[in-house]
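What follows is a short report on a single structure.
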Amino acid sequence: MEKTKKAPRRSRLQLLLLIPIISGIVLSLSWCGRGIPDDRGTIMDTPIPSEAAQPSAEREPEASPDTSTTPETPVATNTPEPDPEPDPEPEPDPEPKPWELFSPHFLPETDPSSAHINYRYNIQVNGEIVDRYLHPEPLFFGMPDAYTGVRGITTFRGNNFRNSASYGTATITQGKLTDVYRLGAGSLGTWTGVGWSGQPSIIQWDYDVQQQMNLLPGKREKEGLVEVIQGAVDGYVYFFDLEDGARTRQPMWFGDPIKGGITIDPRGYPVLYIGQGDIITGKIGYYIYSLLDFKQLYFLNGYDSFAWRSWGAFDGNPLFDIPHDRLILCGENGVAYNIKLNTDYDRQAGTLAIDPEIVRYRYSTNMNTNRQLGIESSLSIFAHYMFTADNGGVVQCVDLMTFEPVWARDCTDDTDSTIVLDWEEENQMLALYTGCETDYQGLAYLRKLNAENGDLLWEHTYPCLTDRAVSGGLLGTPVVGQGDMSDLVIFWVGKLRGREGGAALVAFYKETGEVAWEKIMPYYGWSSPIAIYTEEGRGYIVVCDAAGRMFLVRGATGELLDTLHLGSNVEASPAAYGNMIVVGTRGQVIYGVRVT
Ligand SMILES: [Ca+2]
Ligand SMILES: [Ca+2]
634 MEKTKKAPRR SRLQLLLLIP IISGIVLSLS WCGRGIPDDR GTIMDTPIPS EAAQPSAERE
694 PEASPDTSTT PETPVATNTP EPDPEPDPEP EPDPEPKPWE LFSPHFLPET DPSSAHINYR
754 YNIQVNGEIV DRYLHPEPLF FGMPDAYTGV RGITTFRGNN FRNSASYGTA TITQGKLTDV
814 YRLGAGSLGT WTGVGWSGQP SIIQWDYDVQ QQMNLLPGKR EKEGLVEVIQ GAVDGYVYFF
874 DLEDGARTRQ PMWFGDPIKG GITIDPRGYP VLYIGQGDII TGKIGYYIYS LLDFKQLYFL
934 NGYDSFAWRS WGAFDGNPLF DIPHDRLILC GENGVAYNIK LNTDYDRQAG TLAIDPEIVR
994 YRYSTNMNTN RQLGIESSLS IFAHYMFTAD NGGVVQCVDL MTFEPVWARD CTDDTDSTIV
1054 LDWEEENQML ALYTGCETDY QGLAYLRKLN AENGDLLWEH TYPCLTDRAV SGGLLGTPVV
1114 GQGDMSDLVI FWVGKLRGRE GGAALVAFYK ETGEVAWEKI MPYYGWSSPI AIYTEEGRGY
1174 IVVCDAAGRM FLVRGATGEL LDTLHLGSNV EASPAAYGNM IVVGTRGQVI YGVRVT
């Protein structure tokens, strides 16, 4: 029998507080070029890969949560320069960075080891379950704008806060949506077109990388090409030019339904990451492909013997620890994966290979016993803390440096909507927005939590229906406003009870949870609303419904500006680049829409 760890109590909290200090000291030693002492194993008994002591050759994060323990002044040398004049004025203390102000912990009601939550978990390294884990590198995710330097949208909602599905700004003067082009998609079994959550990725490649890939003649040479990559439930990945909708490559045959969004490597490497949504061919899992030639580089089996749930789909999108070549991924099997990719991309030669090493984390709670395990939403990360929401309605914070739970909250019902994070400068607080479905009970809860401790700051409910085929409540991911709607968070709630199964597009004031505006629509939607901003910061909401309509709404006021008919059910989430919006329908059409 394998040992199953119970969640740590208070004494473990103290250990948690010590770990950043210890790791900071270890990393400081490493960064000072002294290497890690040979007896580092006495700090933690966990096996540490040999690269632990090697400073990464790749770009380091601009700052790290551990900088407080890193000496900021040079070490004194034997030949100090004479200081000709006294220091004029002491340097003012720099403003503390958001991650320096963020120290997660649990409250009595979010204590993982409480009787109500009863958190159990294990960590597996090199195929062995270990008692403790210390991540060998300074894993760090900062503010969302720093996630990737790629021109485009590489992952579901763009970054580690999951707060943007649009790249750049748009010029919007008329408040109109225009259907510019359409591409056909197919079907596979009962799956048709593009499904939930289905966000495309959009990228302007570096020109030299563009030359190496299997693009069609004419498109490969095009200067300023912006390529859209759309996964579909028909088993294909489609590639086309954002500008005119013409194919940039032949479609890639994947062979099984792709429900979740596909992910592009945020380093601008020609690598495609695909989660499988359902089984047609007989195997299921997560895949990595070369975009040079569509060669499959890796398959991660979703039927993982380590998993506590035997369903191997991956609808959620990963995030990348770019400086250390790592991918953080969660599956419907209830496992979180930290994958050292060991990417070998020779940009001159145009060759690509990977050789993954995997650390696995599994957990369960009382909510996952009564409801279900598995993560369909996309994970979010701040500093070295991962936030996830699962099929049992568990919203939690896990320390990726140790793979230990920090806090967990019972959020009532199946939560497939992705958590969105928001740094509130005025409150010096990281906020977390989440909402659930109505699979096990009748209310869709929309909530704001304090991401530091899982404290409930406000909640709002809508009575919703779930029938045999269609979950009600929240399936789309909320928009956390910026620009002139920076005081608002917008949710799109489906299948309202007593309102003929329609939907509410509702904006709450972030601060109070009061309704700023609400629009009741006749049809529900699973598609995520997205925000598009003008250069001046004027925000617009684009949202699609199950009747195939796309709405353009003024974010600050809720005024409906335009409606475009797309012909059939939109479950997938759009993405935008400048003035162009791309979204696929279950009606086997992918649309390019211009907002003006
Ligand atoms: Ca679910
Ligand atoms: Ca559900």
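Using this note's numbering, read the sequence shown as starting at 634 and increasing by one per residue.
Ideal placement from N, C-alpha and C gives every residue a C-beta, glycine not left out.
This one's a predicted model, so the numbers in the text were calculated from it and none came from an experiment.
Near ligand 2: residue i beta-carbon under 6 Å from a heavy atom
{"i": "residue 761", "result": "no"}
{"i": "residue 1047", "result": "yes"}
{"i": "residue 1104", "result": "yes"}
{"i": "residue 937", "result": "no"}
{"i": "residue 965", "result": "no"}
{"i": "residue 1070", "result": "yes"}
Distance CB(residue i)-CB(residue j) smaller than 7 Å
{"i": "residue 968", "j": "residue 946", "result": "no"}
{"i": "residue 875", "j": "residue 1210", "result": "yes"}
{"i": "residue 1102", "j": "residue 1123", "result": "no"}
{"i": "residue 1177", "j": "residue 1191", "result": "no"}
{"i": "residue 623", "j": "residue 966", "result": "What the structure shows of the chain is the stretch from 634 to 1229, and residue 623 is not part of that stretch, so it cannot be assessed."}
{"i": "residue 847", "j": "residue 896", "result": "no"}
{"i": "residue 822", "j": "residue 913", "result": "yes"}
{"i": "residue 1137", "j": "residue 1151", "result": "yes"}
{"i": "residue 1001", "j": "residue 1025", "result": "yes"}
{"i": "residue 1163", "j": "residue 994", "result": "no"}
Per-residue DSSP class, three states only, for residue i
{"i": "residue 987", "result": "coil"}
{"i": "residue 844", "result": "helix"}
{"i": "residue 940", "result": "coil"}
{"i": "residue 1118", "result": "helix"}
{"i": "residue 1100", "result": "coil"}
{"i": "residue 957", "result": "helix"}
{"i": "residue 1035", "result": "coil"}
{"i": "residue 667", "result": "Caution applies to residue 667, whose pLDDT of 32 falls short of 50 and renders its modelled position unreliable; the model cannot decide the point."}
{"i": "residue 823", "result": "coil"}
{"i": "residue 743", "result": "helix"}
{"i": "residue 838", "result": "coil"}
{"i": "residue 1192", "result": "coil"}
{"i": "residue 733", "result": "helix"}
{"i": "residue 812", "result": "strand"}
{"i": "residue 681", "result": "Only weak support exists for where residue 681 lies, its pLDDT of 34 falling under 50; the value from the coordinates is given anyway. Coil."}
{"i": "residue 1209", "result": "strand"}
{"i": "residue 778", "result": "helix"}
{"i": "residue 1040", "result": "strand"}
{"i": "residue 923", "result": "strand"}
{"i": "residue 973", "result": "strand"}
{"i": "residue 1168", "result": "coil"}
{"i": "residue 869", "result": "strand"}
Short CB-CB distance (under 7 Å) between residue i and chain D
{"i": "residue 1196", "result": "Absent here is chain D; the protein component of the structure consists of one chain."}
Any non-hydrogen atom of ligand 1 within 6 Å of residue i CB
{"i": "residue 950", "result": "no"}
{"i": "residue 1009", "result": "yes"}
{"i": "residue 1003", "result": "no"}
{"i": "residue 971", "result": "no"}
{"i": "residue 1024", "result": "yes"}
N-terminal and C-terminal residue of the alpha helix (DSSP H) that residue i is part of
{"i": "residue 1048", "result": "From DSSP, residue 1048 is part of no alpha helix (DSSP H); its letter is neither H nor E."}
Rounded straight-line distance, which links the Cα of residue j to that of residue i
{"i": "residue 867", "j": "residue 1013", "result": "28 Å"}
{"i": "residue 935", "j": "residue 1071", "result": "26 Å"}
{"i": "residue 793", "j": "residue 1189", "result": "25 Å"}
{"i": "residue 1204", "j": "residue 1110", "result": "12 Å"}
{"i": "residue 1099", "j": "residue 1105", "result": "5 Å"}
{"i": "residue 905", "j": "residue 981", "result": "19 Å"}
{"i": "residue 747", "j": "residue 741", "result": "8 Å"}
{"i": "residue 1029", "j": "residue 752", "result": "11 Å"}
{"i": "residue 919", "j": "residue 891", "result": "10 Å"}
{"i": "residue 798", "j": "residue 1047", "result": "23 Å"}
{"i": "residue 1187", "j": "residue 1034", "result": "41 Å"}
{"i": "residue 1040", "j": "residue 1086", "result": "6 Å"}
{"i": "residue 691", "j": "residue 957", "result": "Its pLDDT being 36, under 50, residue 691 is placed unreliably in this model, and the value from its coordinates should be taken loosely. Cα to Cα, the separation comes out at about 7 Å."}
{"i": "residue 864", "j": "residue 820", "result": "12 Å"}
{"i": "residue 999", "j": "residue 1027", "result": "10 Å"}
Limits of the unbroken beta strand (DSSP E) element including residue i
{"i": "residue 1000", "result": "Segment 999-1003 is the alpha helix (DSSP H) holding residue 1000; no beta strand (DSSP E) there."}
{"i": "residue 768", "result": "Neither: residue 768 is in no beta strand (DSSP E) and is coded neither H nor E."}
{"i": "residue 1064", "result": "1062-1068"}
{"i": "residue 724", "result": "That residue, residue 724, is in no beta strand (DSSP E); it is neither H nor E in DSSP."}
{"i": "residue 1150", "result": "1148-1154"}
{"i": "residue 895", "result": "Note, residue 895: premise wrong, no beta strand (DSSP E); not H, not E."}
{"i": "residue 1014", "result": "1013-1015"}
{"i": "residue 792", "result": "Looking at the DSSP string, residue 792 is not in any beta strand (DSSP E), and its letter there is neither H nor E."}
{"i": "residue 1172", "result": "1172-1177"}
{"i": "residue 1143", "result": "First-last for residue 1143: undefined, no H or E at that position."}
{"i": "residue 977", "result": "977-979"}
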